[in-house]
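Undergrad: Please read through the structure below; I'll follow up with questions.
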Amino acid sequence: MACNKFFDAHLTLSTLGSIASACVPIFVSYVAYCVTRTQRDISANQYKLDLYTKRRDIYDDLNNWCTKNTNCAFAPDELAKLNSITLDVEILFSIKNNIIKNNINNIAELNNNIIKMTFFGHENNKKREHEITLDEGNIAALWWEILEEMQNYHKEVKESLRVPQNPY
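In terms of this note's numbering, the sequence shown opens at residue 3 and continues consecutively.
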């Protein structure tokens, strides 16, 4: 009878041991899954924060440009800066404004024409001055159109700037 109890205890312990050895890999797999999921979530949130930071920098540049150039006369440096900002907005915000883009290109072309006429223009100074004055007037009109359109553009960019939902 003592021998029977020994075998029963031994059988019970060996069965529990087999069950425990089968549960250990399952537990280790679950822990590995939890660690992997946590790392994925952290990586996704870091991506969201990095994207928000880049978008915020572009928005700040746009905001500074709008503040600086409200009711301001045309300046070629500001046109180049605006062109760069609108390209960044188009890439990071997926907001495209053809009016601003076309006006930037038209102003750049007219400005190049003025430079060419200044150095390589007609011999007749009155005709050259008249053409330069016309181009300057066209630049001023296009510039004011850009400034008016920038108010809507700025609002649209501001509305699409969102803080990420789960940053850590």
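All C-beta atoms, glycine included, are put in the ideal place defined by N, C-alpha and C.
1. What does the alpha-carbon distance come out to for the pair Arg164 and Ile116?
2. On the DSSP letters alone, give me the boundaries of the alpha helix (DSSP H) that Ala82 sits inside.
3. Is Val26 buried or exposed, if buried means 16 or more other CB atoms sit within 10 Å of its CB?
4. What whole-angstrom Cβ distance do His156 and Leu64 have, given they're in contact under 8 angstroms?
5. Work out the CA separation of Ile106 and Phe76 for me, nearest whole Å.
6. Since I believe Ile102 is in contact with Val159 (beta carbons under 8 angstroms), could you give me their beta-carbon distance rounded to a whole number of angstroms?
7. Which runs of the beta strand (DSSP E) spanning at least 3 residues fall entirely within the segment 115–150, listed in chain order?
TA: A quick look at the data gives this:
1. As a working mapping, residue 164 is identified with position 162 in the sequence shown. As a working mapping, residue 116 is identified with position 114 in the sequence shown. Here the alpha carbons of Ile116 and Arg164 stand approximately 42 angstroms from one another.
2. By 1-based counting over the sequence shown, the position of residue 82 is 80. Here the alpha helix (DSSP H) through Ala82 covers Pro78 to Phe95.
3. Position 24 of the sequence shown, counted from the first residue, corresponds to residue 26. With fewer than 16 other Cβ atoms within 10 Å, it is exposed.
4. For the purposes of this step, residue 156 is taken as residue 154 along the sequence shown, with counting starting at 1. For the purposes of this step, residue 64 is taken as residue 62 along the sequence shown, with counting starting at 1. Indeed, because the Cβ distance is near 6 angstroms, the residues count as touching under 8 angstroms.
5. The residue labelled residue 76 in the question sits at position 74 within the sequence shown. The residue labelled residue 106 in the question sits at position 104 within the sequence shown. When rounded, the separation of the alpha-carbon atoms in Phe76 and Ile106 is 11 angstroms.
6. Counting from 1 along the sequence shown, the entry for residue 159 is found at position 157. Counting from 1 along the sequence shown, the entry for residue 102 is found at position 100. Not a contact, Cβ separation roughly 12 angstroms.
7. Correct list: empty.
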